[in-house]
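Undergrad: Structure in structure tokens, see below.
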Amino acid sequence: MLIEAKNLSVSYDKKVVVHNIDIHANKGEILSIVGPNGCGKSTVLKALTRLLKPSGGDVLFEGKPIKKISTKDIAKKLAVLPQIRQTPEDFDVEMLIRYGRYPHGNFSGKLNDEDRQIIKWALKQTGMTHHKNKKLTQLSGGERQRAWIAMALAQKTDIIVLDEPTTFLDLSHQLEVLELIKSLNETENVTILMVLHDLNQAIRYSDRVYVMKQGNIIAEGKPEDVLTSDRLREVFHIDSDFYTDFRNDSPHFIPHRMKVEDHASKCFAKREKAIQ
Amino acid sequence: MKKLLIIIMVVAMLAVGCTTNNEVTNEAITEVATDVVQNESNVSEGSGDSAEETVEVMTTYVDALNREITIETKPEKVICLYGSFADLWYEAGGELVGIIESSTLPEPAVDLPKVGKMSTPNIEAILALEPDLVIIRAGYAKQEELLNIFETSHINVYAADYNSFDETMTTFKNFCYINGNDAVYEEKSQPLVDGIKTLTDVDHDFSYLLLFASSKSISAKDDNITAGIIDNMGGKNIAANYSIADEESKQFSFEKILELDPTYIFVQTMGSVEDAKARLEEDVMSNPAWASLTAVQEGRFIYLPKELFLYKPNMKYLDAYQYISDILEGNN
Amino acid sequence: MDIKDHRIIKLIIIYALFAVTLLVGISLGSLKIGIIDVFKAIFLETDTLNHSIIFNVRLPRNLIAAFVGINLALSGVTLQGVMNNPLADPGIIGISSGAGLMAFIIMILFPSYAYLVPIGAFIGALLTTFLIYTLAWKNGVSPIRLILSGVAVSAFLGAGINVLMTFYPERISGGISFMIGGLSGKTWPDFYLIWPYTLIAGALCMMLSNQINLLQLGDEVATGLGLSVEKIRTIFIVLSALLAASAVSVAGLLGFVGLVVPHIARLIVGSDYRYLYPATIGLGGAILVGCDVMARMLFDPIELPVGIIMAVLGAPFFLFLLREKK
Chain V
42 MLIEAKNLSV SYDKKVVVHN IDIHANKGEI LSIVGPNGCG KSTVLKALTR LLKPSGGDVL
102 FEGKPIKKIS TKDIAKKLAV LPQIRQTPED FDVEMLIRYG RYPHGNFSGK LNDEDRQIIK
162 WALKQTGMTH HKNKKLTQLS GGERQRAWIA MALAQKTDII VLDEPTTFLD LSHQLEVLEL
222 IKSLNETENV TILMVLHDLN QAIRYSDRVY VMKQGNIIAE GKPEDVLTSD RLREVFHIDS
282 DFYTDFRNDS PHFIPHRMKV EDHASKCFAK REKAIQ
Chain S
-3 MKKLLIIIMV VAMLAVGCTT NNEVTNEAIT EVATDVVQNE SNVSEGSGDS AEETVEVMTT
57 YVDALNREIT IETKPEKVIC LYGSFADLWY EAGGELVGII ESSTLPEPAV DLPKVGKMST
117 PNIEAILALE PDLVIIRAGY AKQEELLNIF ETSHINVYAA DYNSFDETMT TFKNFCYING
177 NDAVYEEKSQ PLVDGIKTLT DVDHDFSYLL LFASSKSISA KDDNITAGII DNMGGKNIAA
237 NYSIADEESK QFSFEKILEL DPTYIFVQTM GSVEDAKARL EEDVMSNPAW ASLTAVQEGR
297 FIYLPKELFL YKPNMKYLDA YQYISDILEG NN
Chain C
20 MDIKDHRIIK LIIIYALFAV TLLVGISLGS LKIGIIDVFK AIFLETDTLN HSIIFNVRLP
80 RNLIAAFVGI NLALSGVTLQ GVMNNPLADP GIIGISSGAG LMAFIIMILF PSYAYLVPIG
140 AFIGALLTTF LIYTLAWKNG VSPIRLILSG VAVSAFLGAG INVLMTFYPE RISGGISFMI
200 GGLSGKTWPD FYLIWPYTLI AGALCMMLSN QINLLQLGDE VATGLGLSVE KIRTIFIVLS
260 ALLAASAVSV AGLLGFVGLV VPHIARLIVG SDYRYLYPAT IGLGGAILVG CDVMARMLFD
320 PIELPVGIIM AVLGAPFFLF LLREKK
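Protein chains in written order, with the numbering used here: chain V, 42 to 317; chain S, -3 to 328; chain C, 20 to 345.
Here it is in structure tokens:
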């Protein structure tokens, strides 16, 4: 187990947001956490990556309590891409990736040959070599995301944690990023832990999935086992049908009805009658 | 985290302490020295009454900031940064090579090179005249801040200020002695001392209100030179224990004035007399209760002339006392 | 690398400008002294009038102007980076209100101790920063909390100043003089007060350029990269406070420098602090020396307070910034 949390609780100002959960990530796997808005998935991510202090329980990294490891040492092994990031106006791509080497570097931040090699490699992996002198603000959404991932790559960590890496991107870029993550996992054996909004993406790209609801873990396991019609109804209040995505050899669902509002279901019922 | 901050703060304080240690110790030494010199000059002042016999050689003087100044020989090039002090300096037989710009300069100073305005003295103009003594106004920040430069340039500075007859005479004495005119001090001061004593020995007992009027405001004063003179002539200032009016508040406490109903009302004016009178009209005299005051009804509402009662009277102290005395006598 | 070359050239130009401004500042004054005589006065003569004026008046004054400008600008640019707020300046951490209140207390209640104003202002400034920081602390200090705390404390101390002014209206001239700020009468002892802070705090800030760059990426990213965000933020605030407090204790409450100079520097070299810091230092020094020359010479022999020149020039600059921003 690379990273693990036992009886983890997290509160914001006395309000408990995550209730006593157990969660772990194994080396080499792609692990996703899914759930409706406000279920606490981002909070769990932050607690696992020491961005938030838990109010109860322990977080262990490679078996050791994470609070006992210096933040720089953690950064050498764990890279995190939070949802909220600031983009200074005139940082360029290369400079951003450079900072990926910060945890490994000395105080003054001077690069040695190894650093330069790694930066070059990170640029190549993310297809950003030709963009390296562009300002971050000049990039498209997908390119910018790739630049951030390149920075995380340059950190050369065992695990990369991503908080909703596809949420603000359009379709083509979403695919771009996820394919990149998948290939990194396959070729470099980087462990991936991410929070995803899109359930189909979670199913297609994860080895294992945690489903959360209102601060608790409802289910855990292989995506096809865990994400079923019943589960979706229970957690997301939708009726759905599952199909097989033959191209990618993975299940794919299509939601067709909300179960929440009565009058809403009446609308759908009318339409169904019309279709029949 | 907090511990780190506290440590950093402590280190910073210590750093401050180290760099400023010198300054503080120097000041401490000066204060001790001042005490010693104070005693010296007190002694010499005491024996000044029998100055006919002894000729004193005083080379150390204490100015209004309690600074100790050593002057061996009579200064050749003196610059003065306040008109009233220049007047006193000339009375003491001194000469000047430079003067501050001012509308009220003594006659001999009018054509001297000017070294800036009182609120912005020009240090380079002052230094260009290569003075060996500069007389500045004590308690006036814009002039006091030049002390450091004078010090590094090894130029003596006398920081003067006086707000009573005694203080005026102390300064006058220092000025005379610096110029080697010891006898002049006796010559000029004795008649004043005697004259004032004569006038103040007469028993007057009256209450008064002293107003200070400018074009912008009216206030009641109880602690300036004029009030001091009137007090010495037997007056009781009704503002001494009560707040009647100050520059900031627009309220003029008529109730208090009516209640205390002073025997005399004196008015000092600053700036244009017309404008000051207009302000007085508007803020004070327009009030109907004004006419009911005894002093107003009996013609004891008096404007005091600026030459004696706005600027420092210097050698005209006796004239000032005489003026008040005449008023009091005339009204008895 | 292309961009880096550009920035280094710009830095060289800035420092050349700085040097020229200093030279102009030392050569210009009420007493007209030619350039050659200026150099003679500094290096060759010891006892002449020129030497006295150059050495005791102009040289220290211009050096002090330069260092005060550097300190205030460095303080401002550091706070802007740490608070992620382009409107941050030393006033935000209470420097102005703390130093001002102390100056007023001394000038009004203990006027015979007027020589203690620089030290008092310094201590007042630091104590206020400490107070603001402590009040804002809640499991760490977020920029928003710091700003709010700063506003509250400054308002409170400002009220204190007003109380003193109300009760002692005759004694406020010295305090007002401090509030406006100025360099007249400053000579070597004042220089000794400030230069250690410029050197040490300035060097430390520059050494931490990478760290403050990281803060620009957001607290979470910075933590993810191994930066101890709280610790670094605290260190920067302390350095900022020391820089500003030492400047204010020598020259009074000069506004605008800490706010405007970093923006100008940013327009020229961008927001990479490895270049922004040196640019801010050069510009801070040059601008304040330049403003002081104008203050002295515009209405020679009358001297205006430096703060007025800076306000007059700074305000239009901000309008210009406003027009430029989308």
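For every residue, glycine included, the Cβ atom is placed at its ideal position computed from N, Cα and C. Source: prediction; values computed, not measured.
Tell me, please, whether the CB atom of glycine 117 of chain C is closer than 8 Å to any CB atom in chain S?
TA: Taking the first residue of the third sequence as position 1, residue 117 of chain C is located at position 98. With 8 Å as the cut-off, glycine 117 of chain C does not count as an interface residue toward chain S.
Undergrad: Below 8 Å between beta carbons: does that hold for alanine 140 of chain C and alanine 174 of chain C?
TA: Numbered from 1 along the third sequence, position 121 holds the residue referred to as residue 140 of chain C. Numbered from 1 along the third sequence, position 155 holds the residue referred to as residue 174 of chain C. Not a contact, by the Cβ cut-off of 8 Å.
Undergrad: Which residue wins for smallest C-alpha separation from alanine 120 of chain V, given the options V:Arg91, V:Gly104, V:Asp133?
TA: Indexing the first sequence from 1 puts residue 120 of chain V at position 79. Here the closest residue by C-alpha is V:Arg91.
Undergrad: What separation, rounded to the nearest whole angstrom, lies between the Cα atoms of lysine 70 of chain S and isoleucine 174 of chain S?
TA: Taking the first residue of the second sequence as 1, we reach residue 70 of chain S at position 74. Taking the first residue of the second sequence as 1, we reach residue 174 of chain S at position 178. In a straight line, the C-alpha of lysine 70 of chain S is about 6 Å away from that of isoleucine 174 of chain S.
Undergrad: Within 10 angstroms of the Cβ of tyrosine 336 of chain V, are there 16 or more other Cβ atoms? Answer buried if so, exposed if not.
TA: Only positions 42 to 317 of chain V appear in this structure, which leaves residue 336 of chain V out of reach.
Undergrad: Taking C-beta pairs closer than 8 Å, name the residues in chain C that threonine 90 of chain V reaches, listed in chain order.
TA: Stepping through the first sequence from its first residue, residue 90 of chain V is reached at position 49. Ordered by position in chain C, the residues that pass the 8 Å Cβ test against threonine 90 of chain V are Gly243.
Undergrad: Count the CB pairs spanning the region 176 to 185 of chain S and the region 94 to 111 of chain S that are closer than 8 Å, and state whether there are at least three.
TA: Judged by Cβ distances under 8 Å, the region 176 to 185 of chain S makes no contact with the region 94 to 111 of chain S, as fewer than three pairs qualify.
Undergrad: Would you verify that the beta carbon of threonine 232 of chain V is, or is not, closer than 8 Å to some beta carbon of chain C?
TA: Here residue 232 of chain V is taken as the residue at index 191 of the first sequence, counted from 1. Output row for threonine 232 of chain V: interface = no.
Undergrad: Would you mind sorting aspartate 199 of chain S into buried or exposed? The rule is 16 or more other CB atoms within 10 Å of its CB.
TA: By 1-based counting over the second sequence, the position of residue 199 of chain S is 203. Classification for aspartate 199 of chain S: exposed.
Undergrad: Just to confirm my understanding: we take isoleucine 222 of chain V, look at its own chain, exclude 5 residues before and 5 after, and list those with CB closer than 6 Å. What are they?
TA: On the first sequence, position 181 is the one that residue 222 of chain V refers to. Excluding positions up to five away in sequence, the list reads Ile233.
Undergrad: Are the beta-carbon atoms of leucine 82 of chain C and phenylalanine 197 of chain C separated by less than 8 Å?
TA: Residue 82 of chain C sits at position 63 when you count from the first residue of the third sequence. Residue 197 of chain C sits at position 178 when you count from the first residue of the third sequence. The answer is no: Cβ separation not under 8 Å.
Undergrad: What does glutamine 264 of chain S pair with, by DSSP beta-bridge criteria?
TA: Sequence index remark: in the second sequence, residue 264 of chain S carries index 268 (1-based). The partner list for glutamine 264 of chain S (beta bridge, DSSP) reads S:Phe208, S:Leu300.
Undergrad: Using a Cβ distance threshold of 8 Å, determine whether the region 230 to 238 of chain S contacts the region 200 to 218 of chain S, with at least three qualifying pairs required.
TA: As far as the Cβ criterion goes, the region 230 to 238 of chain S touches the region 200 to 218 of chain S, which means the pair count is three or higher.
Undergrad: Would you say valine 160 of chain C faces chain V, with C-beta separation under 8 Å as the test?
TA: The residue given as residue 160 of chain C occupies position 141 in the third sequence. So no, valine 160 of chain C is outside the interface.
Undergrad: Hey, is isoleucine 25 of chain S's beta-carbon within less than 8 Å of any beta-carbon in chain C?
TA: Position 29 of the second sequence, counting from 1, holds the residue named residue 25 of chain S. For isoleucine 25 of chain S, the predicted structure reports a pLDDT of 33, less than 50, and the residue's modelled location is therefore unreliable. A value from the coordinates is still provided. Not an interface residue.
Undergrad: Is there a Cβ from chain V that is less than 8 Å from the Cβ of asparagine 103 of chain C?
TA: In the third sequence, the residue the question calls residue 103 of chain C occupies position 84. Output row for asparagine 103 of chain C: interface = yes.
Undergrad: So, at 7 Å on beta carbons, what are the nonlocal neighbours of leucine 146 of chain C in its own chain, with the 5 sequence-adjacent residues on each side left out?
TA: Along the third sequence, read from residue 1 onward, the residue named residue 146 of chain C stands at position 127. Correct list, in chain order: Gly117.
Undergrad: Between glutamate 142 of chain V and the rest of its own chain, which residues show a CB-CB distance below 6 Å, the 5 nearest in sequence each way excluded?
TA: Mapped onto the first sequence, residue 142 of chain V falls at position 101. The question names glutamate, but residue 142 of chain V in the sequence shown is arginine. Excluding positions up to five away in sequence, the list reads Asp156, Ala195.
Undergrad: Glutamate 249 of chain C versus chain V: which residues are under 9 Å apart at the beta carbon?
TA: Residue 249 of chain C sits at position 230 when you count from the first residue of the third sequence. Result: empty, since nearest Cβ-Cβ is about 10 Å, beyond 9 Å.
Undergrad: How would you list, in chain order, the residues of chain C whose beta-carbon sits under 9 Å from the beta-carbon of lysine 113 of chain V?
TA: As a working note, residue 113 of chain V is residue 72 in the first sequence. Residues of chain C passing the Cβ test: Leu244, Gly245, Leu246, Ser247.
Undergrad: What residues in the region 118 to 131 of chain S have a beta carbon less than 8 Å from any beta carbon of chain C?
TA: Asn118, Ile119, Glu120, Ala121, Leu123, Ala124, Glu126
Undergrad: Kindly indicate which residue of S:His150, S:Asp227, S:Glu147, S:Met114 has the alpha-carbon position closest to the one of serine 160 of chain S.
TA: One-based indexing of the second sequence puts residue 160 of chain S at position 164. Measuring from the Cα of serine 160 of chain S, the nearest candidate turns out to be S:Asp227.
Undergrad: Helix, strand or coil: how does DSSP classify proline 77 of chain V here?
TA: For the purposes of this step, residue 77 of chain V is taken as residue 36 along the first sequence, with counting starting at 1. Note: proline 77 of chain V maps to coil in three-state DSSP.
Undergrad: Does the CB of glycine 326 of chain C have a neighbour CB from chain V at under 8 Å?
TA: For the purposes of this step, residue 326 of chain C is identified with residue 307 of the third sequence, where counting begins at 1. Glycine 326 of chain C does not count as touching chain V.
Undergrad: Identify which residue in C:Glu249, C:Ile125, C:Ile300, C:Leu233 has its Cα closest to the Cα of proline 144 of chain V.
TA: One-based indexing of the first sequence puts residue 144 of chain V at position 103. The candidate whose alpha carbon is nearest that of proline 144 of chain V is C:Leu233.
Undergrad: Leaving out five residues before and five after aspartate 204 of chain V in sequence, what residues of the same chain have Cβ atoms less than 6 Å from its Cβ?
TA: Here residue 204 of chain V refers to the residue found at position 163 of the first sequence. Cβ within range, chain order: Ser83, Leu86, Pro123, Gln124, Val236.
Undergrad: Whole angstroms is fine: what's the gap from valine 57 of chain C's alpha carbon to glycine 326 of chain C's?
TA: On the third sequence, residue 57 of chain C is found 38 positions in, with the first residue counted as 1. On the third sequence, residue 326 of chain C is found 307 positions in, with the first residue counted as 1. Roughly 27 Å between the two C-alpha positions.
Undergrad: Just to make sure I have the definition right: I need the residues of chain S whose C-beta is within less than 9 Å of the C-beta of alanine 263 of chain C. Which are they?
TA: Numbered from its first residue, the third sequence carries residue 263 of chain C at position 244. Within 9 Å Cβ-Cβ: nothing; alanine 263 of chain C doesn't reach chain S, min ~12 Å.
Undergrad: Determine the closest residue to alanine 92 of chain C out of C:Ala122, C:Ile321, C:Ile328, C:Val280, with distance taken between C-alpha atoms.
TA: Counting from one through the third sequence, the residue named residue 92 of chain C turns up at place 73. With distances taken between Cα atoms, alanine 92 of chain C lies closest to C:Val280.
Undergrad: Nearest chain C C-beta to glutamate 140 of chain S closer than 8 Å, yes or no?
TA: Here residue 140 of chain S refers to the residue found at position 144 when the second sequence is read from its first residue. Chain C contact via Cβ: present.
Undergrad: At the 8 Å Cβ level, is glutamine 127 of chain V part of the contact set with chain C, yes or no?
TA: Stepping through the first sequence from its first residue, residue 127 of chain V is reached at position 86. True, the Cβ-Cβ gap to chain C drops below 8 Å.
Undergrad: Rounded C-beta distance between leucine 68 of chain C and glutamate 163 of chain S? I'm assuming under 8 Å.
TA: One-based indexing of the third sequence puts residue 68 of chain C at position 49. One-based indexing of the second sequence puts residue 163 of chain S at position 167. Leucine 68 of chain C to glutamate 163 of chain S, Cβ: 35 Å. No contact.
Undergrad: For a minimum of 4 consecutive residues, which ranges assigned as the alpha helix (DSSP H) are wholly contained in the region 257 to 293 of chain C?
TA: 276 to 288
Undergrad: What are the boundary residues of the alpha helix (DSSP H) that alanine 163 of chain V is part of?
TA: Position 122 of the first sequence, counting from 1, holds the residue named residue 163 of chain V. 154 to 166 is the span of the alpha helix (DSSP H), which, as asked, contains alanine 163 of chain V.
Undergrad: What does glycine 135 of chain S reach in chain C if we use C-beta pairs closer than 8 Å?
TA: Position 139 of the second sequence, counted from the first residue, corresponds to residue 135 of chain S. By Cβ distance, chain C contributes Pro130.
Undergrad: Please give the ranges of any beta strand (DSSP E) in the region 44 to 123 of chain V, keeping only runs that are unbroken, at least 3 residues long and fully inside the region.
TA: 44 to 53, 56 to 66, 71 to 75, 97 to 102, 119 to 122
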